[in-house]
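Numbering (my numbering), first residue to last: 263 to 321.
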Amino acid sequence: FGFVFWGLMYWGILPQDSFTVMQWLALLLIVAVLTAGVSWSHVRRRLSGQYDMDDVDEP
């Protein structure tokens, strides 16, 4: 994701001197990564058709 932000700053689309913009971009990047991690089990289940289950050993 970092190369996209670098490219947008390099071409002048994003201002380099605005700290607030950089904070929002970092926050959106963190949100995207966490969202993908939380929903990965659901995406994997839809793609493969298999459920994720924890094995519980019973005595």
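Note that the Cβ used here is the ideal one computed from N, Cα and C, for glycine as well.
Gly264 sits in a helix when the DSSP states are folded into three classes. Note on geometry: alpha-carbon atoms of Val266 and Asp319 lie some 46 Å from one another. Cβ contact annotation for Tyr313 (same chain, cutoff 8 Å, sequence separation greater than five): Arg307, in chain order.
When DSSP states are grouped into helix, strand and coil, Ile275 belongs to the coil group. In this structure, DSSP gives Gln285 a helical state, which the three-state scheme calls helix.
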